[in-house]
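Here the sequence shown is numbered in my numbering, starting from 4 and rising by one per residue.
For each residue, glycine too, the CB sits at the ideal point set by N, CA and C.
Notes for the one structure printed next.
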Amino acid sequence: MKFPRKYTLKEIAEIIDSTFVGDASFPVYGMNEIHVVEEGDIVFVDHPKYYDKALESKATIVLINKEVACPEGKALLISDDPFRDFNKLTKHFRPFRNASSSIAPSANIGERTLIQPNCFIGNNVTIGNDCLIHANVAIYDNTVIGNNVTIHSGTVLGADAFYYKKRPEGFDKLLSGGRVVIEDNVDLGASCTIDKGVTGDTTIKEGTKIDNQVHVGHDTVIGEKCLIASQTGIAGCVIIEDEVTIWGQVGITSGITIGAKTVISAQSGVSKGLEGGKSYFGTPADDFRKKYKEIASIRQIPELIKRIEKLEE
């Protein structure tokens, strides 16, 4: 998430009521999670296990719960609760704005785009030309949709990220200030749910086609010309490269990369990154041929047991 203007380290510290290490005029341009940070961004870290990763990341401002040696060219914001203060920044720069109508006055809708009854189009949504939005679609604030996009009934774009911190009193939600970005020539089936990024974008790239009842988690990027069949669940922060085919009821864990032109068979469980250009099947998903050989071998086990029993007699 980029801020509307350049802020100083001192200004940000005043917003969250924290101390800081570094020049008071140190420039701050935005805030992001560790996997998408850029120079000028704030990243937060609240566990010693991840201090080095945050301090060595591209982020130049680290919101941290302990004063440590500050790397050259960077600055620190010292907080007793970085998670809480990251949420404060999200509330400040991307506050929730109540809707005043079913199609917000600030929405920008392109030429020849058709919107069927009972749709909700939120604040600052952009929809391109020649789109068809079927009845009962909900498009949350700040979503960006390209040209020639079809979205079927019941689909929701921009719900919050499923991201919580466990505290003694219960689960504390990390607020979502990111967006959903749908590029040109994308089709979304009925009752799909595409969550917005925490601070960045959940992106579906040009020409991808998604079937009914598919879930896409926060900050996931789906490449060009992918096919994703019904009831597939994709967790957050997944990168799916171009021309990947995913058949029905596949489950994909968070934070992995699936290489270009991969094919994943129905009901597979993907628990680690997959090399592109291959076919996969099973749980955990593995090379298609290898997995079927394993299944064939398993089927021989009863006969092998019988042979062993006869030998023992």
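At a Cβ-Cβ threshold of 9 Å, residue 113 and residue 146 do not count as neighbours. Its chain contains 91, 92 and 95 as the residues whose beta carbon lies nearer than 8 Å to that of residue 18, once the 5 sequence neighbours on both sides are disregarded; these appear in chain order. Remark: C-beta atoms of residue 68 and residue 82 approach each other more closely than 9 Å.
Beta-carbon to beta-carbon, residue 161 and residue 199 are separated by about 5 Å, close enough to satisfy the 8 Å threshold. Taking all protein chains shown into account, residue 186 has 16 or more neighbouring C-beta atoms within 10 Å of its C-beta and is therefore buried. If you look at residue 100, you'll find it isn't in any beta strand (DSSP E); DSSP assigns it neither H nor E.
Taking C-alpha positions only, residue 307 is separated from residue 259 by approximately 39 Å.
Distance from the CA of residue 135 to the CA of residue 215, rounded to the nearest whole angstrom, comes to 16 Å. A direct Cα-to-Cα measurement between residue 111 and residue 157 gives close to 21 Å. With 16 or more other CB atoms across the displayed protein chains lying within 10 angstroms of its CB, residue 85 is buried. The three-state reading of DSSP puts residue 9 in strand, counting E and B together. Taking 8 Å as the upper bound for CB-CB distance, residue 246 and residue 264 are in contact here, some 5 Å apart. Closest in alpha carbon position to residue 44, among 63, 54 and 50, is 63.
Nearest to residue 254 by C-alpha distance, out of 27, 106 and 232, is 232. In this structure residue 25 is in contact with residue 79, their Cβ atoms being roughly 6 Å apart against a cut-off of 8 Å. Straight through space, the alpha carbons of residue 303 and residue 38 are spaced by roughly 46 Å.
In the structure shown, residue 292 falls within a helical segment according to DSSP collapsed to helix, strand and coil.
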